[in-house]
Structures are given as structure tokens and as C-alpha cells.
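Peer 1: This is the structure I want to talk about, given as C-alpha cells.
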Amino acid sequence: MTRKKILVVEDDEFVVEAMTMILEEQGFEVASSTNGEIFNQDGFVHPDLILLDIRLSGRDRRDICKWIKDHPGMKHIPVILISGNRDIHKIHKECGADDYIVKPFDLNELLSKVNLFTGC
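According to the working numbering, the sequence shown is numbered sequentially starting from 164.
Here it is as C-alpha cells:
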């Protein structure tokens, strides 16, 4: 069986490492980016799910989510926003994200949403 691919876009390397370890233990293949530039790289392989921190390097990055959801080859990929912003429930609707997780996040909530959107 092919492992589901998850892309973690998060600028906090500690969070990236923790999420990678947790998701790999659950059998997922994990790729990560700390700045969102991964989408511009040659050979970029579309994941089955994107976990996207809405603030990267101190900047609001709703534009990345909107770009994904407007891109013909990527709009089908579920995007879960990750943020400590208390308005994340509004923000995720504005940029077309499929769901959101509030930081600091609960491990069970993370895994539940990942499993829901990957069909695992």
C-alpha cells in the first residue's frame, strides 16, 4: 500500500520536527518547508494533505492557501491551517482552507483531522 504524503509548511523547526516524527510514526510520508517556496521547486510532488502555518517568517501567508486552492492541479488537495490566531475560524474560510488547528494543538485533534482528510 502506498503511504499518504503530507506536506508541513511551518517556520518553527521544532514544530516541524515534532509533527514529522508523529506523522511518520503513524505511517505517513512527510515533507516539509519552512517558507512555502517548496511549491516553486522543480519536481514538486503533490501531497495528499497540506498542513500550513498561516504565519511564516512573521508574515501573513493566506496568499499561499489561496494560491493552492486556485491552482488547477492542486485545488483538490486538502489544506489544514495551523495558527495561534484566535480568528483562525474566519481566516480558514476566507482563504478556502478545508479546516484549521489552533496552536498549541492537541495531538489527538491533529491526528484525527489528518486521518479524516487522508482517508486513513
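Even for Gly, the Cβ is constructed at its ideal location relative to N, Cα and C. This one's a predicted model, so the numbers in the text were calculated from it and none came from an experiment.
May I have the straight-line CA-CA distance separating Asn248 from Val265, to the nearest angstrom?
Peer 2: Their Cα atoms are separated by approximately 7 Å.
Peer 1: For Arg218, does the three-state DSSP call read helix, strand or coil?
Peer 2: DSSP places Arg218 in strand when its eight states are reduced to three.
Peer 1: Check whether the segment 238-246 touches the segment 211-219, counting contact only when three or more Cβ pairs, one atom from each stretch, lie closer than 8 Å.
Peer 2: Segments in contact, yes.
Peer 1: When the Cβ atoms of the segment 224-235 are set against those of the segment 184-196, are three or more pairs found closer than 8 Å?
Peer 2: No: fewer than three Cβ pairs fall under 8 Å.
Peer 1: State the DSSP-derived secondary structure class of Glu188, mapped to helix, strand or coil.
Peer 2: Three-state DSSP puts Glu188 in a helix.
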